[in-house]
Amino acid sequence: MPGDFFGLPIFNLTNPYVRLEYLAEAGPRIVRLFLGDSDHNILAEMPEITWGTPYGDYWIRGGHRLWHAPEAFPRTYIPDNDGLVVENIEGGVRLIQPTEVETGIGKSIEIRLSGDRPAVHLRHELKNNGPTPVTLAPWAITQFPLGGVVIMPQQIDPLDETGRLPNRHLVLWPYTRWQDPRLELHDDFILLHGNAQRPPCKVGYLNRQGWSGYLRSGFFFLKRFDAPVSESYPDYGCNTEFYCNHQFVEVESLGTLGEIAPGQAVHHTETWEIYHTPAIPESYEGVLALVKSLNLEI
221 MPGDFFGLPI FNLTNPYVRL EYLAEAGPRI VRLFLGDSDH NILAEMPEIT WGTPYGDYWI
281 RGGHRLWHAP EAFPRTYIPD NDGLVVENIE GGVRLIQPTE VETGIGKSIE IRLSGDRPAV
341 HLRHELKNNG PTPVTLAPWA ITQFPLGGVV IMPQQIDPLD ETGRLPNRHL VLWPYTRWQD
401 PRLELHDDFI LLHGNAQRPP CKVGYLNRQG WSGYLRSGFF FLKRFDAPVS ESYPDYGCNT
461 EFYCNHQFVE VESLGTLGEI APGQAVHHTE TWEIYHTPAI PESYEGVLAL VKSLNLEI
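For what it's worth, my numbering labels the leading residue of the sequence shown as 221, then goes sequentially.
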């Protein structure tokens with residue numbers, strides 16, 4: 221029998237390293253993630269948050285979801301409350317959403333657990349089942365509870381032989397403020413502290429390292445993704461974006477932006493790695509030492 225997520229049936233994938241729960245009838249949504257035999261959900265649980273749309277209420281729920289970028293109302297917020305198809309595949313499952321009548325887009329997520337470490341492999345798909353071409357990018361969004369810190373690696377080395385050309389940019393949303401105390405700028409990393417404040421804070425950039433993470437007491441969640449920097453991306457060229465409000469934190473990765481012909485699909489992959497950490501380092505130098513201890517590319 222399936223389990224329960226605030227009244228919604230769920231199924232799970234389990235091995236000695238992680239346990240993952242996903243909605244059985246709605247979504248595709250991953251709603252819970254546990255390390256080993258822990259009973260602490262790494263992901264946020266937001267069952268009460270809804271946004272009204274012309275097509276009915278959109279439920280945030282928490283966890284992990286797939287959208288298509290660039291963000292637009294109401295297109296981005298098509299409800300996904302029922303009709304999910306779950307297929308068993310080698311090493312995991314495929315969660316298939318019915319085609320959105322309003323957009324012609326079908327969403328699916330393949331989920332596989334790593335057999336030798338605490339890691340999850342995801343393959344996101346957006347398929348154009350409509351009659352006309354559509355321009356979009358896959359957008360993978362993972363929500364976390366407040367109380368941690370987002371880690372965004374930065375490009376330090378020059379991209380040209382002389383070092384006279386710019387090597388990075390930072391994109392801000394209209395409600396973001398430079399003086400927001402949650403935003404901490406450094407050479408190697410930008411940090412976004414997951415504190416409950418208003419207004420929200422959101423930033424994005426072209427991430428050449430292909431990873432970002434969320435550090436909270438007890439764990440470090442690392443998200444790896446393909447980052448072909450020669451391609452086009454939404455939102456002034458962002459392949460990673462980060463959001464914090466008074467309720468949750470989001471760590472987001474985006475695939476390339478392009479036109480999808482009828483019957484064609486675009487894919488975006490992520491690998492999640494989860495590490496035990498005793499506590500959040502009290503200083504930036506401590507965060508830097510933690511990242512270096514994991515042999516991540518800086």
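Built from N, CA and C at the ideal position, the CB exists for glycine as well.
What you are looking at is a predicted structure, and each value in this text was computed from that prediction instead of being measured.
Extent of the continuous beta strand (DSSP E) run through S432: As a first step, residue 432 must be located in the sequence shown, where it is residue number 212. Segment 431-436, the beta strand (DSSP E) holding S432.
Taking the beta strand (DSSP E) that V469 belongs to, which residues open and close that run? Reading the sequence shown from its first residue, position 249 is the one you call residue 469. Here the beta strand (DSSP E) through V469 covers 469-474.
May I have the straight-line CA-CA distance separating K512 from E505, to the nearest angstrom? Stepping through the sequence shown from its first residue, residue 512 is reached at position 292. Stepping through the sequence shown from its first residue, residue 505 is reached at position 285. Rounded to the nearest angstrom, the two C-alpha atoms are 11 Å apart.
Is the Cβ of R337 closer than 8 Å to any Cβ of chain C? This model lacks chain C altogether; it includes just one protein chain.
Can you tell me whether P394 is buried or exposed? The criterion is at least 16 other CB atoms within 10 Å of its CB, across all chains shown. Stepping through the sequence shown from its first residue, residue 394 is reached at position 174. With fewer than 16 Cβ atoms within 10 Å of its Cβ, P394 is classed as exposed.
So, for L385: in the same chain, excluding its five sequence neighbours on each side, which residues have a beta-carbon less than 8 Å away from its beta-carbon? Within the sequence shown, residue 385 is the residue found at index 165, counting from 1. Only P378, L379 meet the Cβ criterion.
Once you ignore the five residues that flank L510 on each side, which residues in its own chain have a CB closer than 8 Å to its CB? Here residue 510 refers to the residue found at position 290 of the sequence shown. Excluding sequence neighbours, L510 sits near L435, F440, T497, P501.
Within 10 Å of its beta-carbon, does I309 have 16 or more other beta-carbons around it, so buried, or fewer, so exposed? Stepping through the sequence shown from its first residue, residue 309 is reached at position 89. It counts as exposed.
Report yes or no: do three or more beta-carbon pairs, one from the region 350-361 and one from the region 288-296, lie closer than 8 Å? yes
Alpha carbon of G335 to alpha carbon of E493, nearest angstrom: As a first step, residue 335 is located in the sequence shown; it is residue number 115 there, counting from the start. As a first step, residue 493 is located in the sequence shown; it is residue number 273 there, counting from the start. If you take the alpha carbons of G335 and E493, they lie about 12 Å apart.
Does the beta-carbon of V321 have 16 or more other beta-carbons within 10 angstroms, so that it is buried, or is it exposed? Translated into positions along the sequence shown, residue 321 becomes position 101. V321 comes out exposed.
What is the rounded straight-line gap between the Cα of A499 and the Cα of V507? Within the sequence shown, the letter at position 279 stands for residue 499. Within the sequence shown, the letter at position 287 stands for residue 507. Straight-line Cα distance between these residues: approximately 11 Å.
Grouping DSSP H, G and I as helix and E and B as strand, with all else coil, what is A339? Within the sequence shown, residue 339 is the residue found at index 119, counting from 1. Strand, per DSSP.
Residue from L405, Y275, L233 whose Cα sits closest to the Cα of G312: Counting from one through the sequence shown, the residue named residue 312 turns up at place 92. Minimum Cα distance to G312 is reached at L233.
Measuring only the C-alpha atoms, how far is Q317 from V306? Residue mapping note: residue 317 aligns to position 97 of the sequence shown, counting from 1. Residue mapping note: residue 306 aligns to position 86 of the sequence shown, counting from 1. Whole-angstrom Cα-Cα distance: 9 Å.
Neighbour-count burial assignment, H389, 16 or more Cβ in a 10 Å radius: Start at 1 with the first residue of the sequence shown, and residue 389 comes out as number 169. Per the 10 Å Cβ criterion, exposed.
Taking the alpha-carbon positions, what's the L240 to S437 distance? Numbered from 1 along the sequence shown, position 20 holds the residue referred to as residue 240. Numbered from 1 along the sequence shown, position 217 holds the residue referred to as residue 437. So the alpha carbons of these two residues sit roughly 20 Å apart.
I'd like the span of the alpha helix (DSSP H) that includes G506, first residue to last. Taking the sequence shown and counting its residues from 1, one reaches residue 506 at position 286. Counting along the chain, the alpha helix (DSSP H) containing G506 begins and ends at 504-513.
The alpha helix (DSSP H) that contains G457, what's its start and end? Here the question's residue 457 lines up with position 237 in the sequence shown. Its alpha helix (DSSP H) spans residues 454-457.
Could you check what DSSP says for T460 in three-state terms: helix, strand or coil? For the purposes of this step, residue 460 is taken as the residue at position 240 of the sequence shown. T460: strand per DSSP, three-state reduction.
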